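Residue numbers (this note's numbering): 183 to 403.
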Amino acid sequence: MLSGLEEHINGFRVISGALTVEEQSALLMELAEIVRAAPLVRPLTPWGKPMRVGMTSAGGYGWTTDRRGYRYEPAHPETGRPWPAIPERLLALWARYSDVETPPDSCLINHYPEGGRMGLHQDKDEADFNIPVVSVSLGDPAVFRMGGLQRSEPTSSITLYSGDVVVIGGDARLAFHGVDRIKFGESSLLAAAPEFGAGRINITLRRAAAIDGAASAASGA
Ligand SMILES: O=C(O)CCC(=O)C(=O)O
Ligand SMILES: [Mn+2]
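Set out below in structure tokens:
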């Protein structure tokens with residue numbers, strides 16, 4: 183199934199087991215610290231429905247949504263404080279897998295509780311689609327769905343496990359994708375971080391603003 187996906191669109195890459203269990207646990211502790219400073223929120227979609235995941239961010243910009251729409255913001259929607267810094271460990275993963283020298287300025291942290299999922303969507307609130315999105319999965323496995331550049335195109339699914347890294351770049355950068363469901367209770371990793379609760383964490387490293395520093399993404403473009 184994986185090879186089918188990789189053939190499906192160039193630029194979609196799965197690195198299975200990229201993080202050891204020790205690295206996953208250490209990353210989890212760093213994420214727990216972020217959540218203590220920038221609590222998870224379940225934001226509203228522009229249509230007024232609460233997302234099925236808890237979200238927070240690190241970095242210069244955090245992705246958020248409410249009735250005003252999807253966008254990147256420089257501060258947490260509830261605390262009003264700037265987002266915590268992106269952990270060095272994640273910057274190192276970006277340097278290793280993104281093929282881009284400029285560091286990410288946004289790190290979205292999603293927590294999928296039991297029943298958590300994410301509908302098919304494109305990541306298109308960033309300024310420059312030549313820069314990939316690098317994703318890290320922790321905790322319970324997820325059924326990840328990947329499609330084409332049109333919502334109507336065929337899709338296929340792949341299970342992402344704790345410690346897997348996914349790079350969505352190249353022709354896949356604007357491909358529709360989502361999470362059908364998580365296989366709740368299969369991993370005990372998150373038990374060490376009550377800040378999250380059981381389930382799955384997905385981290386996406388992104389570049390929200392243009393590389394020349396123009397923050398067009400932050401203004402909702
Ligand atoms: O949870 C995942 O694996 C994907 C998350 C995602 O697509 C997003 O945060 O935009
Ligand atoms: Mn996405």
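Glycine included, C-beta positions come from ideal geometry on N, C-alpha and C.
As the structure is a computational prediction, the values presented were derived from the model and not from experiment.
Inter-residue spacing [alpha-carbon to alpha-carbon] between residue 282 and residue 303: Approximately 24 Å between the Cα atoms of the pair.
List the whole-angstrom C-beta distance separating residue 266 from residue 219, where the pair is believed to meet the contact cut-off of C-beta under 8 Å. Going by Cβ atoms, the distance from residue 266 to residue 219 rounds to 5 Å, so yes, they are a contact pair.
My parser needs the beta strand (DSSP E) runs of 3 or more residues fully inside the region 266-316; what are they? Taking only runs of at least 3 residues, the beta strand (DSSP E) segments lying wholly in the region 266-316 are 288-294 and 300-303.
Closest to residue 210 by C-alpha separation, out of 352, 295 and 385, would be which residue? Residue 210 has its Cα closest to that of 385, out of 352, 295 and 385.
Report the three-state DSSP secondary structure of residue 407 (helix, strand or coil). The displayed coordinates of the chain run from 183 to 403. Any statement about residue 407 would go beyond what the structure contains.
DSSP on residue 388, reduced to helix/strand/coil? It is a strand residue.
Any heavy atom of ligand 1 within a distance shorter than 7 Å of the CB on residue 300? It does: the Cβ of residue 300 is within 7 Å (strictly closer) of some heavy atom of ligand 1.
Following a CB-centred definition, is residue 305 positioned closer than 7 Å to any heavy atom of ligand 2? For ligand 2, at least one heavy atom lies less than 7 Å from the Cβ of residue 305.
Give the DSSP bridge partners of residue 194, in chain order. According to DSSP, which records beta bridges pairwise, residue 194 is partnered with 350.
Any chance the CB of residue 359 is under 7 Å from a heavy atom of ligand 1? Yes - ligand 1 has a heavy atom lying nearer than 7 Å to the Cβ of residue 359.
Which of helix, strand or coil does DSSP assign to residue 211? Under the three-state reduction of DSSP, residue 211 is assigned to helix.
What does DSSP give as the partner residues of residue 364 in its beta bridges? In the DSSP output, where bridge partners are listed per residue, residue 364 has 324.
Anyone know if the C-beta pair for residue 305 and residue 389 falls short of 8 Å? It is not a contact, given that the beta carbons lie outside the stated cut-off.
Under three-state DSSP, which class holds residue 249? DSSP places residue 249 in coil when its eight states are reduced to three.
For my contact list, residue 293 and residue 222 are in at a C-beta cut-off of 8 Å; report their separation, rounded to the angstrom. Taking the Cβ atoms as the reference, residue 293 lies roughly 6 Å from residue 222, within the contact range of under 8 Å.
Measure the alpha-carbon distance for residue 246 versus residue 290 and round it to whole angstroms. One C-alpha to the other measures close to 9 Å.
Could you round the C-beta distance between residue 320 and residue 371 to whole angstroms and report it? I think they count as a contact, below 8 Å. Between residue 320 and residue 371 a beta carbon distance of about 6 Å is seen, short of the 8 Å cut, so the two are scored as contacting.
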